Amino acid sequence: MEYSIATLLSNFSDEKLVARKVLEKKLGCEDSDSMEKLHLTLDILEKIGVIIKERGKYRRVYEEDVVEAKLRCSSKGFCFAIQDSETADDVYIRESHLSNAWNGDRVLVKIIKEGSRRRSPEGEVKLILERANPSLLARVKETEDGYRAVPLDDRLLFELILRQEEERLRQAVDHLVHVEVLRYPLAQNLPLGKVTRILGTDAEEAADTDIVCCKHDLPQSFPEKVIQAAEVLSGEWSKSETKSRLDLRKRLTLTLEPNLDLDSGTGQWIENAFTLEKTDRGNWELGIHIADVAYYIKPNSELDREARKRGTAINLLDKIVPLFPPGVGHCCSLIPGEDRLTLSVFLIIDRAGQVTEFDIKPSIICVDRQISYKQAQSLLGRQEDVEDELSSAVKMLNELFFNLSPVIKARRQQRGSFEIDSENIPSLYKDEGRLGAIATSSSLPVQSLLTDAIVLVNRAVGNHLTSLELPGIYCHQSEPDLEELEDLIKLGNNLHLDLQLENEEEVSPQDYQRFTQQFAKSSVRKVLNHLLKLTLKPVIYSKKPSFHFGLAYEGGYTRCVSPGQRYADLLIQRVLHALFEKGRDRRHSRTKEGVNLGSSTCHDRINWNILPTEVQDELAEQLWSVIPHLNDCEKEAYDAEKDLEGLKKAERMKECTGHIFSGLITGVQSYGFFVEIEDHLVEGLVHVSSLKDDWYEYRSRYACLVGRKNRTAYRLGDRVEVEVKSVDYYRQQIDLVTVRGGSNANFEDWEED
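What follows is the structure, given as C-alpha cells:
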C-alpha cells in the first residue's frame with residue numbers, strides 16, 4: 011500500500027513505543043517489498059532524528075523548534091507554513107529554504123528565527139511529510155532539450171521534464187494536459203512527469219469536472235483490491251446479531267432524500283431513516299436510524315484504509331467522488347423492503363423543543379417508504395385525498411414538519427443560532443455539512459427543517475461521548491474575522507439596514523441572526539446572504555469539545571449520521587460499538603443491576619471507567635491521529651466543490667460576454683471595485699483603468715472611488731449596470747465595464763484621507 015510519511019507518523023502518539031510489526035499491520039504492508047520499504051523509511055527517519063529506536067520499538071521525537079504545517083506559497087516564490095492550530099503563528103519560509111517542497115505540501119519546519127510583534131517567525135523545511143501534488147494540470151511546450159510541462163498553477167514554481175513517446179508528446183504540445191509526477195525534484199534536477207490525459211486545447215474545451223478532478227487530484231476509481239473487497243461483502247448477519255439488537259422492523263419507517271434517483275452511478279446511497287411516535291406523557295419520540303457501516307468495515311481492512319485515505323465524499327453535482335465502492339452501499343443502503351442493520355438514536359422531545367432524554371441502540375429496521383423532499387413538500391397538509399397506503403406516512407410527515415420541527419427550530423434560534431437563505435443547498439449531507447450553518451430555501455423548506463432534527467442527533471451523540479469520557483472527534487467552527495465583516499457591515503448600512511455588532515471586539519452568532527433578519531427587509535437579500543455565507547470559517551475536527559459558531563453550540567458536537575460519506579462519522583460508530591460490546595455497565599461484577607450505557611439517564615450514575623484502558627487508549631489513538639489528515643481532506647473537498655461552482659459560473663458568464671447586467675458594488679479598492687451580478691451571484695471586477703470619463707481617486711474612509719472633476723462616486727452599496735468585457739475561465743476572473751450607475755460625492759466633510 012502507498013502511504014506518506016505523515017500517515018506513518020500519525021501512528022505515533024504521546025511518545026509511546028510502537029513495534030514495527032504494529033506499523034506493518036496498520037499500513038497494510040503484506041509483501042516483502044512493502045515491508046522493506048517501511049524498514050528503509052524507518053531507518054531514514056531515525057537517522058534524521060524524527061523517530062528514535064528503543065528496545066526494538068520506535069518512538070516519535072518532538073522538538074520545540076520543529077513544527078508540523080502545510081505550505082501556502084505565492085507566485086513570487088515565498089511561502090508561509092500554516093500550522094493546524096488557529097492560534098499558532100504562520101512561519102515565513104524563503105524560496106531558498108523550501109528544500110524542494112511545493113505549495114500545499116505538509117512539512118516539518120525548523121524555526122531558525124523567532125518572530126516578533128510585527129514579524130512572523132522564519133523557518134526552513136526539514137522534512138516533506140506528504141506531497142499535495144501527485145499530479146497537476148499543465149500546458150506542454152517543446153524545447154531544444156525535449157518536452158516540458160508548465161503548471162497552470164503559478165504557485166508551482168517549476169517545470170517538469172516529460173518522459174514519454176515522442177508522438178504522444180507532440181500531440182500534447184500547446185494543449186491542456188493532466189500530468190502524473192513520476193519523480194519530485196532531486197537536488198538540482200527538475201521533476202519528471204508523464205502525460206496521462208490530454209484534456210483539450212484550453213481549459214474551456216475540457217469538461218469542468220475533469221478539470222476539478224485533475225486539479226485537486228481526486229481519485230477517479232478504486233484500486234482492484236478495494237473493489238474486490240466490496241464485492242465479497244455480504245448483507246447477511248447471524249442469528250445472535252439479530253437477538254442482540256432492537257428489532258424495529260414492524261415500526262413505520264421512512265427515508266427522506268433529496269431525490270429518488272440514487273442508483274444512477276453518482277455514488278450516493280441512503281444512510282438515514284426516521285420514525286416518529288408520541289409517548290404516554292405527550293412528548294415526541296423521534297428515532298433517527300443510521301446505516302451501521304462500521305459493522306461491515308473493519309479497522310485496517312482494504313476498505314477501511316481506502317476510506318481513511320479519501321476522508322470524505324465530494325459532491326461534484328453530476329458526479330460524486332465516493333468514500334466507498336458501490337458494493338458497500340448494496341449492503342448498507344436503507345432500501346425499502348430490505349432488512350438493514352442500523353444504529354438508532356431515540357430523542358425524547360417535549361413541546362418546547364427540548365431534548366429531555368435520549369437513547370442510542372444497535373437495531374434492525376425495514377424501511378416502509380422512500381420519499382423525496384419534493385414529494386414530502388407536496389404531501390404536507392394533505393390527509394383526506396391521499397391513497398390509503400400513503401395515509402400513515404403523510405400523517406407522520408405532517409406531525410414531523412408542522413408540529414415537531416418548528417419547535418426544534420425555535421429552540422435553536424433562542425440559543426442564538428442563525429440560518430442563511432440559499433437556493434443552492436448542498437444535498438450530500440443532511441446535517442449542516444461543510445457550510446457549518448443551516449441553509450434554508452423558500453422553495454424547499456422541508457430540507458432545512460430536517461437538518462434541524464439531524465443536528466439534534468449529532469448533539470446527542472457528542473454529549474454522550476463527553477459525559478462518558480469516551481474518545482471523540484468533535485466539530486469546531488471559529489467565529490468569523492471581524493475585518494472580513496467590516497465591508498459587509500458598511501455595505502448593509504449604506505443600504506439603510508441596521509447592522510451593528512453587540513460587542514465591537516468580537517462577533518457572535520446572535521449578530522448573524524440579527525443580520526439575516528435585517529437582510530430579509532432588503533431587495534438584494536440574495537446578494538447579502540451570499541456575502542454573509544462567504545465570511546463563515548470552515549468547520550474543522552478537534553479531539554476536544556469546542557464551540558460551533560454556526561450552531562451557537564458550546565458543548566461537544568460531533569457528526570455521526572453519514573458513516574458512508576465521512577470517515578469521521580464511521581470512527582464515531584466504532585466508538586459506539588466499543589461502548590456496547592466492551593463497556594462496563596456496573597462498577598463491580600457483584601452489583602446486581604447495571605445502567606443503560608446507551609441512555610442519557612446513565613450520565614449522573616457512572617463513576618467508573620467504562621472501557622478497559624487498552625481499548626480506550628487504542629480508540630483514542632485511532633481517532634486523534636487521523637484528525638489532521640481528515641481536516642486536509644475536508645479542505646480539499648471544500649476547495650474542489652467551490653472550484654466547480656466557480657467554473658460553472660465562469661462558463662455561464664463567458665456565454666454572456668457583451669451582455670449588460672444589474673449589479674451591486676460589494677467591494678472597493680484603489681485598483682477598482684467589485685460588482686456582484688444579482689441574477690447569477692457572480693462577482694466581477696471593474697478596473698479603475700476602464701473608467702475613462704475621469705481620473706478616479708480612492709477614498710478609504712468612505713470605501714469608494716471618486717472622480718476629480720465630475721464628482722461621480724462608486725461606493726459600497728451603489729447599484730450599477732455593467733457589461734461583461736472578458737472572462738478568464740480557468741482562473742474564474744470576470745472583467746466588467748460600467749455602463750451607468752454610481753452616485754454623487756456630496757459629502758460636506760469630504761477631505762483627503
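If you use the numbering used here, the sequence shown corresponds to residues 11 to 763, in order.
Built from N, CA and C at the ideal position, the CB exists for glycine as well.
Computed from a predicted model, the values in this text were never measured in an experiment.
Per DSSP, glycine 339 is paired with what?
As a position in the sequence shown, residue 339 is number 329, starting the count at 1. Paired residues: none, contrary to the question.
Determine which residues share a DSSP beta bridge with proline 144 and list them.
What you label residue 144 is simply residue 134 of the sequence shown in a count that begins at 1. Proline 144 is not bridged to any residue.
Report yes or no: do three or more beta-carbon pairs, one from the stretch 237–257 and one from the stretch 362–374, lie closer than 8 angstroms?
yes
Of all the options Val692, Ile582 and Val135, which has the alpha carbon lying nearest to the alpha carbon of proline 481?
The sequence position of residue 481 within the sequence shown is 471, counting from 1. Comparing Cα-Cα distances from proline 481 to each of Val692, Ile582 and Val135, the minimum goes to Ile582.
Taking the alpha carbon of isoleucine 121 as the point to measure from, which residue in Arg158, Gln93 and Asn143 has its own alpha carbon closest?
Within the sequence shown, numbered from 1, the residue matching residue 121 stands at position 111. Of the listed residues, the one whose Cα sits closest to isoleucine 121 is Gln93.
For the alpha helix (DSSP H) containing histidine 639, list its first residue and its last residue.
Against the sequence shown, residue 639 aligns to sequence position 629. 637–664 is the extent of the alpha helix (DSSP H) around histidine 639.
Name the residue from Glu175, Ala588 and Asn619 whose alpha carbon lies nearest to the alpha carbon of histidine 598.
As a first step, residue 598 is located in the sequence shown; it is residue number 588 there, counting from the start. The residue with the shortest Cα to Cα distance from histidine 598 is Asn619.
If you drop the 5 nearest sequence neighbours on each side, which residues of the same chain put their C-beta closer than 6 angstroms to that of glutamate 12?
Reading the sequence shown from its first residue, position 2 is the one you call residue 12. Taken in chain order, the list of residues that qualify is empty.
Where in the stretch 412–467 do unbroken runs of the beta strand (DSSP E), each at least 3 residues long, occur, reported from the N-terminal end onward?
429–431 and 448–450
Ordered along the chain, which non-local residues of its own chain (more than five positions away) have a Cβ less than 7 angstroms from that of arginine 104?
Taking the first residue of the sequence shown as 1, we reach residue 104 at position 94. Counting only Cβ-Cβ distances below 7 angstroms, and skipping sequence neighbours, we find Phe88.
With distances taken between CB atoms, is the gap from histidine 639 to serine 130 smaller than 8 angstroms?
By 1-based counting over the sequence shown, the position of residue 639 is 629. By 1-based counting over the sequence shown, the position of residue 130 is 120. No, the pair does not count as a contact, with Cβ atoms beyond the cut-off.
DSSP three-state assignment for glycine 275, whether helix, strand or coil:
Indexing the sequence shown from 1 puts residue 275 at position 265. Model confidence at glycine 275 stands at a pLDDT of 43, short of 50, so the residue's coordinates are unreliable and nothing is read from them.
Can you give the beta carbon distance from glycine 133 to valine 101, rounded, assuming they're within the 8 angstroms contact cut?
In the sequence shown, the residue the question calls residue 133 occupies position 123. In the sequence shown, the residue the question calls residue 101 occupies position 91. Sure, about 4 angstroms apart at Cβ, within 8 angstroms.
Going by DSSP, what residue range makes up the beta strand (DSSP E) through glutamine 743?
Taking the first residue of the sequence shown as 1, we reach residue 743 at position 733. First-last of the beta strand (DSSP E) with glutamine 743: 743–751.
Histidine 188 to tyrosine 648 span [Cα, whole Å]:
Taking the sequence shown and counting its residues from 1, the one referred to as residue 188 is at position 178. Taking the sequence shown and counting its residues from 1, the one referred to as residue 648 is at position 638. Going from the Cα of histidine 188 to the Cα of tyrosine 648 covers about 21 angstroms.
Nearest residue (CA-CA) to leucine 389, options Val571, Val377, Val404 and Ile138:
The count along the sequence shown starts at 1 and reaches residue 389 at position 379. Of Val571, Val377, Val404 and Ile138, the residue nearest in Cα terms is Val404.
Tryptophan 634: first and last residue of the uninterrupted alpha helix (DSSP H) it sits in
Position 624 of the sequence shown holds residue 634. Tryptophan 634 -> alpha helix (DSSP H) spans 623–634.
Please classify tyrosine 739: does DSSP put it in a helix, a strand, or coil?
The residue you call residue 739 lines up with position 729 of the sequence shown. Looking at tyrosine 739 - three-state DSSP - the assignment turns out to be coil, as it is neither helix nor strand.
So is glycine 203 buried or exposed if we call it buried at 16+ other beta carbons inside 10 Å?
As a position in the sequence shown, residue 203 is number 193, starting the count at 1. Flag for glycine 203 reads buried.
Which of the three DSSP states is assigned to glycine 472 in this structure?
Stepping through the sequence shown from its first residue, residue 472 is reached at position 462. Correct three-state label for glycine 472: helix.
Check the C-beta distance from glycine 560 over to glycine 446 and give it rounded, since I have them as a contact under 8 angstroms.
Position 550 of the sequence shown, counting from 1, holds the residue named residue 560. Position 436 of the sequence shown, counting from 1, holds the residue named residue 446. Right, the Cβ-Cβ distance comes to about 4 angstroms (below 8 angstroms), so this counts as a contact.
Local Cβ density within 10 Å of glutamine 527, reported as buried at 16 or more and exposed below that:
Along the sequence shown, one-based indexing puts residue 527 at 517. It is exposed - the Cβ of glutamine 527 has fewer than 16 other Cβ atoms within 10 Å.
Residue range of the unbroken alpha helix (DSSP H) whose run includes asparagine 325:
Reading the sequence shown from its first residue, position 315 is the one you call residue 325. Run containing asparagine 325: none in the alpha helix (DSSP H); it sits in the beta strand (DSSP E), 324–326.
Which residues in the same chain as arginine 207 place their Cβ atom closer than 7 angstroms to its Cβ, once the five residues preceding and following it in sequence are excluded?
To locate residue 207, count along the sequence shown from 1; it is residue 197. If we look at arginine 207 and ignore the five residues flanking it on each side, its Cβ neighbours are Val187 and His188.
Alpha carbons only, please: which of Gln487, Leu541, Ser532 and Asp508 is nearest the one belonging to serine 518?
Here residue 518 refers to the residue found at position 508 when the sequence shown is read from its first residue. Among Gln487, Leu541, Ser532 and Asp508, the Cα nearest to that of serine 518 belongs to Gln487.
Quick one: what does DSSP say phenylalanine 671 is sitting in, helix, strand or coil?
Translated into positions along the sequence shown, residue 671 becomes position 661. In this structure, phenylalanine 671 counts as strand in the three-state DSSP scheme.
Going by beta-carbon coordinates alone, are isoleucine 381 and threonine 265 separated by less than 8 angstroms?
For the purposes of this step, residue 381 is taken as the residue at position 371 of the sequence shown. For the purposes of this step, residue 265 is taken as the residue at position 255 of the sequence shown. A contact, by the Cβ cut-off of 8 angstroms.
With 16 other Cβ atoms within 10 Å as the buried cut-off, status of aspartate 378:
Counting from 1 along the sequence shown, the entry for residue 378 is found at position 368. Aspartate 378 comes out buried.
Tell whether a beta-carbon distance below 8 angstroms holds between valine 150 and aspartate 653.
As a first step, residue 150 must be located in the sequence shown, where it is residue number 140. As a first step, residue 653 must be located in the sequence shown, where it is residue number 643. Result no, Cβ atoms of valine 150 and aspartate 653 do not sit closer than 8 angstroms.
Should aspartate 462 go down as buried or exposed, given a rule of 16 or more other Cβ atoms within 10 Å for buried?
Against the sequence shown, residue 462 aligns to sequence position 452. Buried.
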